[in-house]
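Accompanying notes for the structure given below.
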Amino acid sequence: MRVISICPSNTELLDYLGKVDTLIAVDDFSDYPERVKQLPKVGPDLSIDVDKIAAMGPDLVLASLSVPGMEKNIEALDKRGVPYIILNPNSLEEIAKDLETTGAAIGEEALGKQKALQFKNETASFRLAMASSYRPSLYWEWWPKPVFTPGRENWLTEISELAGARNIFDSEAEASVQTNWEEVRSRNPDHICLVWVGIQEQKMRPELIKKRPGWNELDAVRQNRIHVLPESLFCRPSPRLLFGLEKLNKILVKEQSL
């Protein structure tokens, strides 16, 4: 089986299945596991070189619709008759289903089901570990201007709950919510979690958060609870979210003990 992944989360999902060796190429942003960095690149996820993909003759392309604009990749794959499946999960349950879907698509149906169950069990272990009645509120910032943050139908709301916390925008039905600094201020989160999509942690400047109008009054700012987190562990709908969950849990437990 010769597979091409055109989205980082799909590459990581294939890694969880233990089938990275089936990959012959990936998109420019796929960087995990380490060995995929040596594979041929087919372009950034919004500008995939489908002619290059077609020339490679893959048995399967793992496509995605997780970001607006990816539709043109699907259209181009259709036009050239390249076989593909589309993965577009918004929840942990849907990630588990995608493990099954991908397993079946690469001829490993039993493996897909086994890994889906493993992922569900790992998720459940965090749920069972929650004992504290204290539920700090979290503001997740995907992008600062315009402001985008996850809503109720998003995996980060679930990740928040599994860590014993609450996403302050879980009241909004959408998976992705466009809002503004004043609305965030009015919800007064206990913690601010910066996970700017596509931006590495060292390039973010949390000190600028304190300069936003009225934000010096926020509990999170007054208590210096501004966390710069690796977007690769929180913004990609793949099993690596469990590593992000573990990291978040440690932060919240440490803060609670202070």
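So in the UniProt record's numbering, spot 129 of the sequence shown is number 129, and the numbers just go up one at a time.
Heads up, the beta-carbon is just placed ideally off N, CA and C, and yes, glycines get one too.
Nearest-angstrom Cα separation, counted from GLN200 out to ILE24: 26 Å
Any idea what DSSP makes of SER176, helix, strand or coil? strand
Return the residue from the list TRP215, LEU248 and SER125 that minimises the CA-CA distance to LEU156. LEU248
Assuming ALA175 and GLU161 form a contact by the criterion Cβ under 8 Å, report the distance between their Cβ atoms to the nearest whole angstrom. In fact, because the Cβ distance is near 15 Å, the residues do not count as touching under 8 Å.
Could you name each continuous beta strand (DSSP E) segment of 3 residues or more that falls completely within the segment 47-96, going from the start of the chain to the end? 60-64 and 84-87
Once the 5 residues before and after TRP181 are set aside, which same chain residues still bring their CB inside 6 Å of it? ARG212
Counting only the same chain and skipping the five closest in sequence on each side, list residues whose C-beta sits under 6 Å from that of THR123. LEU92
For LEU77 and TRP196, the rounded distance between their alpha carbons: 29 Å
Could you tell me which whole alpha helix (DSSP H) segments of length 4 or greater appear in the segment 94-164? 109-129 and 155-162
Separation of LEU194 from LEU233, as counted between CA atoms: 12 Å
In or out: ARG240 buried (at least 16 other Cβ within 10 Å) or exposed? buried
Determine, using beta carbons only, whether ASN10 and ILE48 come nearer to each other than 7 Å. no
Note down the Cα distance separating LEU17 from CYS7, rounded to an integer number of angstroms. 16 Å
With which residues is LYS41 paired in a DSSP beta bridge? VAL26
Quick one: what's residue 270 bridged to in DSSP? This structure cannot speak to residue 270, because the chain is shown only from 1 to 258.
Secondary structure at SER232, three-state DSSP: helix, strand or coil? helix
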